[in-house]
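**Student:**
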């Protein structure tokens with residue numbers, strides 16, 4: 060595959076895992092009906108990329124204009140609604156799919172911004188925004204304080220992934236394997252944070 | 060009236076009924092002061108169209124750039140504050156005005172998107188977004204989980220209205236009466252859903 | 060300094076005071092970790108300007124594209140996290156910094172809109188939006204009903220500041236001192252409202 064194909068494939072994969080996460084959240088946290096589950100899954104999946112595109116001036120945003128993103132989000136969410144019963148421990152999977160989406164979108168979001176002429180700082184911010192945006196919409200819509208504010212090590216791995224992506228992009232040569240490494244780095248930091256309940260310094264009372 | 064005049068008239072009517080809905084919600088749910096009532100009414104009225112225009116790249120959005128929309132929203136909200144006491148059963152009227160706004164905006168939102176070159180899929184999504192957007196902002200601002208996630212048959216009638224609007228627009232000829240029929244269809248499905256407490260399939264515990 | 064420098068200086072000052080307000084809110088209301096404090100401070104500081112730029116079609120928004128805004132927001136928020144302990148009565152300072160940001164942004168937001176060709180009505184709306192936008196995002200992210208809906212005299216002083224700014228801008232001559240006067244007027248109305256618990260007319264039960 061050429062680089063554009065890889066970027067598209069990773070973006071669609073990120074869309075699918077975030078849709079699954081959003082749909083599982085809807086079932087686990089809010090017990091919504093099928094329309095609510097698909098709506099929350101789709102907004103979680105497409106929200107970060109739509110926010111990034113809106114801030115870059117790519118309008119209408121790719122997530123709405125390209126049928127492949129919308130279809131991926133709708134079908135993934137609907138599948139969760141159809142097959143969710145066998146999933147015994149939803150909470151764990153919610154976290155894993157969220158971390159996977161975070162990692163993939165921190166890489167693809169940064170690359171999209173760089174390809175549209177953004178400088179390093181803007182690209183890293185927009186990559187992080189892409190990664191955390193969908194989950195933030197998901198949390199706002201279900202009346203929860205978003206993970207970017209409360210969760211131990213959530214924004215930081217996304218920023219590390221975005222920073223690594225920019226660094227790789229700046230190399231004289233770069234390969235898809237390196238970008239997958241950046242996503243894996245983000246995923247590892249996030250899951251280590253979840254596993255060992257690591258957190259950034261807190262305010263002392 | 061020519062087609063553009065009809066579209067404007069229906070859009071302004073949708074703006075007025077959503078402003079009334081938002082202002083009634085403010086009074087009923089939150090007992091806000093006059094500024095809060097007018098603010099919530101105006102955001103409910105203009106939010107969906109502003110979101111649609113922002114996603115289409117129509118900036119500044121018509122709802123802010125055209126004084127007729129803003130004036131309609133402000134005056135309708137202020138009137139509700141002035142005359143609300145005679146309204147005995149607010150809850151019922153909140154629902155009816157919400158359904159009316161949903162129906163009018165699903166038609167006008169889809170038509171605006173089609174006139175700006177959107178394909179069928181994007182137009183139906185943006186028509187639905189126009190219809191449900193203002194109410195979603197209203198619910199977020201008053202700390203409630205939005206109706207698009209929780210309410211039985213809320214997004215579905217908006218989508219049916221948008222789909223019908225696209226179908227009419229695709230005909231070799233089309234008349235305003237047909238578009239009013241599409242809005243009436245959306246309204247009927249929504250109110251039947253409310254009346255008989257119909258809902259989409261739920262997650263089985 | 061020439062006019063553009065003054066506008067930039069006031070915008071950066073508004074960014075700093077809103078970042079301090081957002082970071083203090085994070086510490087006081089939510090006891091977040093350092094990432095949460097900096098994130099909430101930065102969103103409070105940049106949110107209003109980003110929303111204004113997005114509605115004007117200035118994309119990417121200045122708050123993200125110009126490193127000076129982002130750096131100001133990040134450093135101000137981080138400083139609050141570092142030195143917050145000596146601040147004995149946080150609540151009072153939260154209110155004062157919020158009123159300062161409201162005043163500065165109502166002036167600078169209106170001027171940016173006017174300089175980008177907005178008419179009086181649109182400029183006053185976007186100036187008010189710039190002033191209240193960041194605080195609204197702050198409140199939504201911390202699951203509170205926003206001050207624009209609930210707080211006595213919050214949107215009104217912002218609107219007065221925006222209106223005064225437009226009036227000054229329309230004069231055959233205008234000076235920075237006059238614009239500072241418009242900001243002081245907004246600040247005075249807001250603080251008088253807070254001090255004497257003034258409020259707009261309420262709904263009678």
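Residue numbers (this note's numbering), protein chains in the order written: chain A, 60 to 264; chain B, 60 to 264; chain C, 60 to 264.
Backbone N, C-alpha and C fix where the C-beta goes; we use that ideal spot for every residue, glycine too.
1. Residues of chain D with a CB under 7 Å from the CB of residue 253 of chain A: which are they?
2. What are the residues in the stretch 113-145 of chain B lying within 8 Å of chain C by C-beta distance?
3. Taking the C-alpha atoms as reference points, what is the distance between residue 105 of chain A and residue 193 of chain A?
4. Could I get the ranges of all uninterrupted alpha helix (DSSP H) runs contained in the stretch 197-252 of chain A, with 4 residues as the minimum, in chain order?
5. Out of curiosity, what's the CA-to-CA distance linking residue 239 of chain A and residue 118 of chain A?
6. Could you spell out the range, first to last residue, of the alpha helix (DSSP H) harbouring residue 102 of chain A?
7. Taking residue 72 of chain C as the reference, give the member of C/97, C/208 and C/128 with the closest Cα.
8. I need the DSSP call for residue 261 of chain C, collapsed to helix, strand or coil.
9. Using 10 angstroms around the beta-carbon of residue 99 of chain A, count the other beta-carbons present and answer buried if the total reaches 16, otherwise exposed.
10. Counting contacts by CB-CB distance shorter than 8 Å, is residue 216 of chain B in contact with chain A?
11. Would you tell me roughly how many angstroms separate the C-alpha atoms of residue 167 of chain C and residue 187 of chain C, rounded to the nearest one?
12. Below 8 Å between beta carbons is the criterion; list the residues of the stretch 77-109 of chain A that meet it against any residue of chain B, in chain order.
13. Please check if any C-beta of chain B sits within less than 8 Å of the C-beta of residue 269 of chain A.
14. Would you mind telling me which residues of chain A sit closer than 8 Å to residue 231 of chain B, beta carbon to beta carbon, in chain order?
15. Looking at the structure shown, is residue 73 of chain A part of a helix, part of a strand, or coil, going by DSSP?
16. Please state whether DSSP places residue 132 of chain C in a helix, a strand or coil.
17. How about residue 266 of chain A and residue 208 of chain B: do their beta carbons lie closer than 8 Å?
18. With distances taken between CB atoms, is the gap from residue 259 of chain A to residue 215 of chain A smaller than 8 Å?
19. Check the C-beta distance from residue 2 of chain C over to residue 122 of chain C and give it rounded, since I have them as a contact under 8 Å.
20. Which residues mark the beginning and the end of the alpha helix (DSSP H) in which residue 122 of chain B is found?
21. How about residue 156 of chain A and residue 80 of chain A: do their beta carbons lie closer than 8 Å?
22. Could you tell me the distance, in whole angstroms, from the CA atom of residue 112 of chain B to the CA atom of residue 255 of chain B?
23. Could you tell me whether any Cβ in chain A is nearer than 8 Å to the Cβ of residue 207 of chain B?
24. Contact defined as beta carbons within less than 8 Å: I believe residue 211 of chain C pairs with residue 204 of chain C. What is the distance between those atoms, to the nearest angstrom?
25. Would you mind giving the Cβ-Cβ distance between residue 115 of chain C and residue 172 of chain C, rounded to the nearest angstrom? I have them listed as a contact below 8 Å.
26. What residues from chain A crowd round residue 171 of chain B, counting only those whose CB sits closer than 7 Å?
27. Can you list the residues of chain C that residue 150 of chain A reaches, using a CB-CB cut of under 7 Å?
28. To the nearest angstrom, how far is it from the Cα of residue 92 of chain B to the Cα of residue 250 of chain C?
29. Comparing C-alpha positions only, which one of A/153, A/63 and A/170 sits nearest to residue 88 of chain A?
30. Taking residue 158 of chain B as the reference, give the member of B/94, B/135, B/76 and B/70 with the closest Cα.
31. Who are the near neighbours of residue 133 of chain A in its chain, counting only those whose CB is closer than 7 Å to its CB and skipping five residues on each side?
32. Can you give me the Cβ contacts of residue 66 of chain A inside the same chain, cut-off strictly under 7 Å, excluding the 5 residues immediately before and after it?
33. Taking buried to mean at least 16 other C-beta atoms within 10 Å of its own C-beta, is residue 120 of chain C buried or exposed?
34. On the three-state DSSP scale, how would you describe residue 181 of chain A?
35. Quick one: grab the DSSP three-state call for residue 90 of chain B.
**Tutor:** The relevant details are as follows:
1. Protein chains in the displayed structure are A, B and C, and chain D is not among them.
2. 113, 116, 118, 119, 120, 123, 124, 126, 129, 140, 143 and 144
3. The residue given as residue 105 of chain A occupies position 46 in the first chain. The residue given as residue 193 of chain A occupies position 134 in the first chain. It is roughly 6 Å from the alpha-carbon of residue 105 of chain A to the alpha-carbon of residue 193 of chain A.
4. 206-209 and 214-229
5. Against the first chain, residue 239 of chain A aligns to sequence position 180. Against the first chain, residue 118 of chain A aligns to sequence position 59. The alpha-carbon atoms of residue 239 of chain A and residue 118 of chain A are separated by roughly 28 Å.
6. The count along the first chain starts at 1 and reaches residue 102 of chain A at position 43. Unbroken alpha helix (DSSP H) run through residue 102 of chain A: 93-115.
7. Numbered from its first residue, the third chain carries residue 72 of chain C at position 13. Measuring from the Cα of residue 72 of chain C, the nearest candidate turns out to be C/128.
8. For this step, residue 261 of chain C is matched to residue 202 along the third chain. Here residue 261 of chain C sits in strand by DSSP.
9. Taking the first residue of the first chain as 1, we reach residue 99 of chain A at position 40. Looking at its Cβ environment, which holds 16 or more other Cβ atoms inside 10 Å, residue 99 of chain A is buried.
10. Taking the second chain and counting its residues from 1, the one referred to as residue 216 of chain B is at position 157. By this cut-off, residue 216 of chain B is not an interface position.
11. Translated into positions along the third chain, residue 167 of chain C becomes position 108. Translated into positions along the third chain, residue 187 of chain C becomes position 128. C-alpha separation (whole angstroms): 10 Å.
12. 85, 86, 89, 90, 91, 92, 93, 94, 95, 96, 98, 99 and 109
13. What is shown of chain A runs 60 to 264, which leaves residue 269 of chain A out entirely.
14. The residue labelled residue 231 of chain B in the question sits at position 172 within the second chain. Those within 8 Å of residue 231 of chain B in chain A number zero; the least Cβ separation is about 26 Å.
15. As a first step, residue 73 of chain A must be located in the first chain, where it is residue number 14. The answer is helix: DSSP assigns residue 73 of chain A an H, G or I state.
16. Your numbering for residue 132 of chain C matches position 73 in the third chain. The answer is helix: DSSP assigns residue 132 of chain C an H, G or I state.
17. Missing from the structure shown is residue 266 of chain A; chain A here goes from 60 to 264 and no further.
18. Counted from its first residue, the first chain places residue 259 of chain A at position 200. Counted from its first residue, the first chain places residue 215 of chain A at position 156. Taking 8 Å as the Cβ cut-off, residue 259 of chain A and residue 215 of chain A qualify as a contacting pair.
19. A question about residue 2 of chain C goes unanswered here, because the residues of chain C that appear run from 60 up to 264.
20. Here residue 122 of chain B is taken as the residue at index 63 of the second chain, counted from 1. It spans 121-124 - the alpha helix (DSSP H) in which residue 122 of chain B sits, taken as one unbroken run.
21. Taking the first residue of the first chain as position 1, residue 156 of chain A is located at position 97. Taking the first residue of the first chain as position 1, residue 80 of chain A is located at position 21. Yes, they are a contact pair.
22. Numbered from 1 along the second chain, position 53 holds the residue referred to as residue 112 of chain B. Numbered from 1 along the second chain, position 196 holds the residue referred to as residue 255 of chain B. Those two C-alpha atoms are separated by around 35 Å.
23. Residue numbering aside, residue 207 of chain B sits at position 148 when the second chain is read from its first letter. Answer yes: the Cβ-Cβ gap between residue 207 of chain B and chain A drops below 8 Å somewhere.
24. Numbered from 1 along the third chain, position 152 holds the residue referred to as residue 211 of chain C. Numbered from 1 along the third chain, position 145 holds the residue referred to as residue 204 of chain C. That belief does not hold up - the Cβ atoms of residue 211 of chain C and residue 204 of chain C are roughly 14 Å apart, past 8 Å.
25. In the third chain, counting from the first residue as 1, residue 115 of chain C sits at position 56. In the third chain, counting from the first residue as 1, residue 172 of chain C sits at position 113. 6 Å between Cβ atoms; contact.
26. What you label residue 171 of chain B is simply residue 112 of the second chain in a count that begins at 1. Within chain A, no residue comes near residue 171 of chain B; the closest Cβ sits about 12 Å away, beyond 7 Å.
27. Taking the first residue of the first chain as 1, we reach residue 150 of chain A at position 91. Residues of chain C passing the Cβ test: none, with the nearest at roughly 21 Å.
28. What you label residue 92 of chain B is simply residue 33 of the second chain in a count that begins at 1. What you label residue 250 of chain C is simply residue 191 of the third chain in a count that begins at 1. Looking at the two C-alpha atoms, the distance is approximately 18 Å.
29. Working through the first chain from its first residue, we reach residue 88 of chain A at position 29. Just measuring C-alpha positions, the residue of A/153, A/63 and A/170 sitting nearest residue 88 of chain A is A/153.
30. On the second chain, position 99 is the one that residue 158 of chain B refers to. Selected option, being the one with the closest Cα: B/76.
31. Here residue 133 of chain A refers to the residue found at position 74 of the first chain. Result list for residue 133 of chain A: 97 and 101, in chain order.
32. Here residue 66 of chain A corresponds to residue number 7 of the first chain, with the count starting at 1. Once the five neighbours on either side are set aside, the close Cβ partners of residue 66 of chain A are 167 and 170.
33. The residue you call residue 120 of chain C lines up with position 61 of the third chain. Burial of residue 120 of chain C is indicated by the presence of at least 16 other C-beta atoms within 10 angstroms of its C-beta.
34. In the first chain, the residue the question calls residue 181 of chain A occupies position 122. The answer is helix: DSSP assigns residue 181 of chain A an H, G or I state.
35. For the purposes of this step, residue 90 of chain B is taken as residue 31 along the second chain, with counting starting at 1. In the structure shown, residue 90 of chain B sits in coil (DSSP, three-state: anything other than H, G, I, E or B).
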